[in-house]
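Below is one structure, written out as structure tokens; the observations come after it.
Residue numbers (the numbering used here), protein chains in the order written: chain H, 1 to 116; chain Z, 117 to 626; chain R, 627 to 1104.
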């Protein structure tokens, strides 16, 4: 029986979304012009195609950034409960950071931080 | 300890032969010859030991045995034991070992070391089969002898060797797996009933089985042995394997490998499952008779000389099957005798074909004829073995077939009468060989040197053995008898009271 | 977390430390030999720590996630030793190659860690963590020879299919969780009784979806489609890893899970697994007949082999757990040996996976050919090899609990399977005067192959100690 409500809920969600889209399609005015159709790029007119190759360095930086970004997200809750988890928590966080630092050192030595 | 040595000597000789074969092929041959000779001497000494034989006949369980725990957790032990039956088979193995090393002396020129390695390991596997009294160990040896045999056929065989070898391997392996299932089933049923989980033959004897279970387990064993024997519907790996194998391989196949099947029937099938075996007797005898007639007819139809001899094996081994399932003293004696004589006689015929092929490079009978005039010694020897094959009195085969027929006549007169037709057919194809190959006009102008001293010596030893068996079969009977009567008692003990009186009746007639 | 917990975790900690250490080592000095030795030392230490951990902290549940008992330590031992062997093989293999080779060992260690985690897992979360650690490392390992088209293709296939199967698995876990209200195996097993009355359709659906994920990792029919391509495309040492360690962890887990929830209570699951086992045996063996590439043959043969070992799962008797353990140990030795031979025979350009590479090997390199033959005979289950002991035990376990369908399938399909093993042996027996002589294997390769052959024969001839070890597992798991 409980699954029935789940099903009902899912159906309702789909109907709601569909109804919104349909209403806007029916009610909204359609007056396209070139400026409206062009992709938005910080208010500047776009230059060239959007199919350009990015320097692979972006991805390396992106990856490294992601790792440390998530690490920071992990540090906040740890800081909140720091007193409760005590020394064990400190050691464990130290180990966690150590592993990340080793990774950073590796990336550094491999030249991932140099912009080519 | 002596028993371990018997198996170990060929194993070691094989390794040595492989190691030195590359530098010195001649030495490899001599090492193997020596190893077989040593084995033969050991076995003959044992045979000659009157005191031990007498003690065994008086009722000791085994002539000799070793029993060391191997995998105690599963009740597996390294149990080798010897009785008269095994002793005879071992002597045959060692003797044919010498013969097969001898007959490949000039035939095998490539990879001599590895050839002899395989030859010796096949031999050791076969000897292990004749000795093993632990079913797990038995299965190990049983499978182990296949692998080197496979190599012998694949590497040194003739044109169609790959097909033949793979067929041989898959047939035997499949039936072997059925036997393994049967062994395991027996193991568990025995374990559940008695609490001791064991693979030991002595302990498994007399396991009480329900008739349904006994039937299925017996069939598992029978499948493996029937393929090896070979019995009628599962014989068709044999002509291919025999034909394509090198001469020494054919000698071992015909002389020894087929005997392991017959030995297995005597040692395991009937004693372990007496009642199921008796129920199965009509079927087994029918298969035997079909095999005898069918093999003989087919061998008459062959143009390939080696194939002809191979089919004659099917026919001859049918007598063994008949004898085993007649399960009385005379028939069993006959079966044992047939095993030995067929081993020697057919081995010799294969050597003969090998010698001809080595000389004229064909096995096609159509391309032969008139060989007697250029090679009279060869002709005379071939004549002798053809006579042996058709069962001429004075040669061992006659005694064997006569006893089998005599014994099984008591068990089943109809079947026996039909089987005796096989003798007539046998004389047709045996004489056919002599007629087509040695008489008539010479078709093939290839050079045909007569037998040299080495070959004469080999054939002479076989002739002496066969004639000896023909005139003095008593030592064989004396050796086999205690073992056979023990097996019979075991079977009788396992049957109901009705069967006991029957068995006594047939025993009294002998 | 107490000190004893740490002791129990010691093997895993050592492995993690070794992986991290290698990363640091590579930052300091790039030397293939040092890296390989370092990783082997790490694995060696982890193996040595196993008996220590087992005796100091026996059968310990560390957090609800991990159950570090003798059972898991046994599988870890087998897997660590395999990884050790693979590291040695990989060293010799990558010595022939150009490019950066050191990173491979990090991946090897993390993948092994994932597999070890799986074998000790007692909770859906640790199951998934282990599975992903293993899989993600494997994606990169399969593509490690990235200048080879096949490798990249194989890695891509593996990535897509593994991700899809992992998704199924997570969904299955969610369904089981929804019904049972817990993710711990033991509690799911306990909850089963309460569920008996209600409809356990959802629970069954959840289990069935998890079967997809498990079947994928174990390469069982019908989830086997990636196997031949990945086996063929991956560099030989990685193929060895995929065939052994990567399956071992999941295998250990599955057996534990099934014993715990007592799968024999569910006829539908039993039917499902019997069908999977029988199909795997037949598909594996029949499709292997059609292959012309030795790695692909071994891939199909591994499918069939996992099918055989499923009989051990389905058997309920006391022999089931030791049969599984023995079979896996024997299968590992054999597969490592066979893949080791391929790895040794491989050159810089390509892996030696065609029949032509092995033509007449008996005369060109008798020793390698003999080892390969022994491995193939072991796969075929010929006595006096480890493979026979495994098959024997599986048959015994199956017969004890009368799983006749599985046994019949095993007997028939393994007889069919003989043909392709013999075909490889035949190729090695052919005479080959025109083939180039094989370059001498390095001493690392020679040692590894000799060691594996010795292990194969030792287990085959004297299986007592291994059987004893496997029998003790029963006590630990139940």
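Where is the CB? At the ideal position from N, CA and C, for every residue including glycine.
Remember, it's a predicted structure, so these values are computed and weren't measured experimentally.
From the beta carbon of residue i, is the nearest beta carbon of chain H less than 8 Å away?
{"i": "residue 736 of chain R", "result": "no"}
{"i": "residue 653 of chain R", "result": "yes"}
{"i": "residue 646 of chain R", "result": "yes"}
{"i": "residue 650 of chain R", "result": "yes"}
Check whether the Cβ of residue i lies closer than 8 Å to any Cβ atom in chain Z.
{"i": "residue 707 of chain R", "result": "no"}
{"i": "residue 681 of chain R", "result": "no"}
{"i": "residue 944 of chain R", "result": "no"}
{"i": "residue 1032 of chain R", "result": "no"}
{"i": "residue 1016 of chain R", "result": "no"}
Between residue i and the rest of its own chain, which residues show a CB-CB distance below 7 Å, the 5 nearest in sequence each way excluded?
{"i": "residue 397 of chain Z", "result": "441"}
{"i": "residue 202 of chain Z", "result": "246 and 247"}
{"i": "residue 854 of chain R", "result": "922, 925 and 926"}
{"i": "residue 544 of chain Z", "result": "416"}
{"i": "residue 719 of chain R", "result": "861, 862, 863, 969 and 972"}
{"i": "residue 570 of chain Z", "result": "218 and 221"}
{"i": "residue 952 of chain R", "result": "1015, 1016, 1019, 1092, 1093 and 1096"}
Go through its chain and collect everything with a Cβ distance to residue i's Cβ below 6 Å, but skip five positions before and after it.
{"i": "residue 323 of chain Z", "result": "306"}
{"i": "residue 649 of chain Z", "result": "Because chain Z is modelled from 117 through 626, residue 649 of chain Z falls outside the range shown and cannot be assessed."}
{"i": "residue 873 of chain R", "result": "844"}
{"i": "residue 791 of chain R", "result": "838, 839 and 842"}
{"i": "residue 260 of chain Z", "result": "241"}
Mind reading off the beta-carbon distance from residue i to residue j? Whole number of angstroms is fine, and I expect it under 8 Å.
{"i": "residue 206 of chain Z", "j": "residue 592 of chain Z", "result": "Between residue 592 of chain Z and residue 206 of chain Z the Cβ distance is about 13 Å, and since that is not below 8 Å, they are no contact."}
{"i": "residue 596 of chain Z", "j": "residue 1025 of chain R", "result": "Actually they do not touch by this definition, with Cβ atoms about 35 Å apart."}
{"i": "residue 985 of chain R", "j": "residue 914 of chain R", "result": "Incorrect: roughly 19 Å between the Cβ atoms, too far for contact."}
{"i": "residue 879 of chain R", "j": "residue 744 of chain R", "result": "5 Å"}
{"i": "residue 427 of chain Z", "j": "residue 355 of chain Z", "result": "6 Å"}
Beta-carbon of residue i versus every beta-carbon of chain R: anything under 8 Å?
{"i": "residue 476 of chain Z", "result": "no"}
{"i": "residue 56 of chain H", "result": "no"}
{"i": "residue 89 of chain H", "result": "no"}
{"i": "residue 62 of chain H", "result": "no"}
{"i": "residue 350 of chain Z", "result": "no"}
{"i": "residue 189 of chain Z", "result": "yes"}
{"i": "residue 282 of chain Z", "result": "yes"}
Determine the extent of the alpha helix (DSSP H) in which residue i is found, giving its start and end residues.
{"i": "residue 119 of chain H", "result": "The structure shown does not extend to residue 119 of chain H, since chain H is modelled only from 1 through 116, so no value can be given for it."}
{"i": "residue 779 of chain R", "result": "775 to 806"}
{"i": "residue 92 of chain H", "result": "82 to 110"}
{"i": "residue 989 of chain R", "result": "987 to 990"}
{"i": "residue 570 of chain Z", "result": "569 to 587"}
{"i": "residue 231 of chain Z", "result": "228 to 247"}
{"i": "residue 840 of chain R", "result": "827 to 844"}
So, with DSSP's three-state summary, where would you put residue i?
{"i": "residue 693 of chain R", "result": "strand"}
{"i": "residue 29 of chain H", "result": "coil"}
{"i": "residue 51 of chain H", "result": "coil"}
{"i": "residue 747 of chain R", "result": "strand"}
{"i": "residue 275 of chain Z", "result": "coil"}
{"i": "residue 117 of chain Z", "result": "coil"}
{"i": "residue 721 of chain R", "result": "helix"}
{"i": "residue 221 of chain Z", "result": "coil"}
{"i": "residue 528 of chain Z", "result": "coil"}
{"i": "residue 810 of chain R", "result": "strand"}
{"i": "residue 1057 of chain R", "result": "coil"}
{"i": "residue 417 of chain Z", "result": "coil"}
{"i": "residue 631 of chain R", "result": "helix"}
I'd like the span of the beta strand (DSSP E) that includes residue i, first residue to last.
{"i": "residue 192 of chain Z", "result": "192 to 198"}
{"i": "residue 687 of chain R", "result": "686 to 688"}
{"i": "residue 182 of chain Z", "result": "180 to 187"}
Beta-carbon within less than 8 Å of residue i's beta-carbon, same chain only, minus the 5 sequence neighbours each way: which residues are those?
{"i": "residue 1050 of chain R", "result": "920, 923, 981, 984, 998 and 1002"}
{"i": "residue 630 of chain R", "result": "682, 683 and 686"}
{"i": "residue 556 of chain Z", "result": "485 and 486"}
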